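Heads up: the sequence shown runs through residues 20 to 333, numbered per the working numbering. The beta carbon of each residue, even a glycine, is placed where N, CA and C say it ideally should be. Owing to the predicted nature of the structure, the values given are computational and were not obtained by experimental measurement. Here is the structure we will look at.
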Amino acid sequence: MTNIPLPPPKHLQHGAPAVPAGPFGGKHAARIRAIASSSQLPTERARADAIVMTAWLTTTQRARYAPSLRAEGRGEDFVEHLADERRVVLEEGADPHADELDSASRAERTARQLPLRILETLLALGALAFFAVAALRTEYGAGMSRDALPAGLVPLLVGTGLCLIAAAVVGAVATRRRDSLLLDWAVSRPGQLGRGLPLRRPLQGGSVGPALLRGVGPAVLVASGIIAICVGAAILLITLLSDADSDATTLALWLLGGGVLALLLAVIAVQLRGRRLEQIVRRARAAEWFGAQGAELDAEQDPDLLDDTGLAES
């Protein structure tokens, strides 16, 4: 009898979790792709998910979920028991819960953080308005006064930066509060962390404020650093050739130092962004849902298909 290779287990057929789009490069890209496409054994995957989820939960949330795991003792017990719960789901599948999707949908509606999202959008629009006015003043004021900056340009640029930073802070707070509320919902249901979170929008969802700051911030730092280094080097060269006063030399040294600092901050920002993306991928895998994939959602989109398969009767 010919040996026919068995298909891969169910837990290896799930696709990689969605990650924010954008150009990835270097070792962070390789690590993120490795995490997203890894095919670990159930035991290894379950332990990795349990470690990530345990670190993600707060102390209060772990204390609320510990009784369902029978792990009221040390943190190591919580990790081990949560890993066992996750492994059972990976190997045998999750038991159906009739109210799971409805309860998750209600929790998502409660955790939307709409006021903070509106404030974040207004701040982002304010930053865009400041920048647009600054660009117009630079364009139309260049011919009037070539030796000086257009009037009010510096306050407009400062306003742009402050609005952008404020939008990023508000967006990060809104995302953190939403995630915390949804994790509170998960720990209130025994076995839910092992099954995953059946959310229409994933945790750590993208937000306009933090996305703008992460995208624009390193570019602005690099541009500012290069300009400061070039200007400082030019001033220093002029002072050395013309024996100018020491004030110009001091200014040149400050510009050179500030430019180098800006470049270092840009490198640090890129590294932190890479680590953040890696954390998002790991958390997305730890919260991946292993319930009845798409049965209830497909019922809303194509009821006739479910009638043919008999799933609509439930």
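Tell me the rounded alpha-carbon separation between residue i and residue j.
i: Ala67; j: Glu127; result: 26 Å
i: Val241; j: Asp114; result: 52 Å
i: Ala117; j: Glu63; result: 29 Å
i: Glu139; j: Glu111; result: 43 Å
i: Leu280; j: Leu88; result: 49 Å
i: Ala90; j: Ala230; result: 38 Å
i: Val108; j: Ala186; result: 40 Å
i: Arg11; j: Ala305; result: The chain is shown from 20 up to 333; residue 11 falls before or after that span and cannot be answered.
i: Ala102; j: Pro209; result: 14 Å
i: Val98; j: Ala85; result: 10 Å
i: Asp198; j: Ile299; result: 12 Å
i: Thr73; j: Asp96; result: 11 Å
i: Leu141; j: Pro134; result: 11 Å
i: Gly276; j: Ala82; result: 49 Å
i: Gln290; j: Val239; result: 16 Å
i: Leu60; j: Trp204; result: 29 Å
i: Ser122; j: Thr77; result: 22 Å
Figure out for me which residue from the options has the closest Cα to the Cα of residue i.
i: Ala267; options: Ala285, Gly215 and Ala252; result: Ala252
i: Cys249; options: Asp198, Leu274, Gly225 and Leu231; result: Leu274
i: Gly213; options: Arg106, Asp96, Thr77 and Pro61; result: Arg106
i: Gln223; options: Gln211, Pro237, Gly210 and Leu202; result: Leu202
i: Ala193; options: Trp204, Glu99, Glu119 and Arg136; result: Arg136
i: Val227; options: Arg208, Leu259 and Ala146; result: Ala146
i: Pro237; options: Glu158, Ala82 and Gly293; result: Gly293
i: Ser124; options: Glu297, Pro217, Ala247 and Val289; result: Pro217
i: Ala151; options: Pro134, Thr258 and Leu175; result: Leu175
i: Leu120; options: Gly278, Gln211, Gly277 and Ala247; result: Gln211
i: Gly278; options: Ala247, Gly190, Ala191 and Ser261; result: Ala247
One question on the structure: do residue i and residue j come within less than 8 Å of each other, judged by their Cβ atoms?
i: Gln80; j: Val235; result: no
i: Ala271; j: Leu283; result: no
i: Val71; j: Arg301; result: yes
i: Arg219; j: Gln132; result: no
i: Ile287; j: Leu232; result: no
i: Thr179; j: Ala143; result: no
i: Trp308; j: Gly215; result: yes
i: Gly225; j: Ala285; result: no
i: Ala303; j: Leu200; result: no
i: Leu181; j: Thr157; result: no
Is residue i helix, strand or coil when you go by DSSP?
i: Arg64; result: helix
i: Ala90; result: coil
i: Ser261; result: helix
i: Ala123; result: helix
i: Ala4; result: No information on residue 4 is available, as it lies outside the stretch 20 to 333 that the chain covers here.
i: His116; result: coil
i: Leu183; result: helix
i: Ala253; result: helix
i: Gln298; result: helix
i: Thr77; result: coil
i: Asp166; result: Because Asp166 carries a pLDDT of 48, less than 50, the predicted location of this residue cannot be relied on, and no value is offered for it.
i: Phe97; result: helix
i: Pro237; result: helix
i: Gln211; result: helix
i: Thr224; result: The residue you asked about is not Thr; residue 224 is Gly in the sequence shown. Here Gly224 sits in coil by DSSP.
i: Val173; result: helix
Say whether chain D places a C-beta atom closer than 8 Å to the C-beta of residue i.
i: Ala154; result: No chain D appears in the structure shown, which is made up of a single protein chain.
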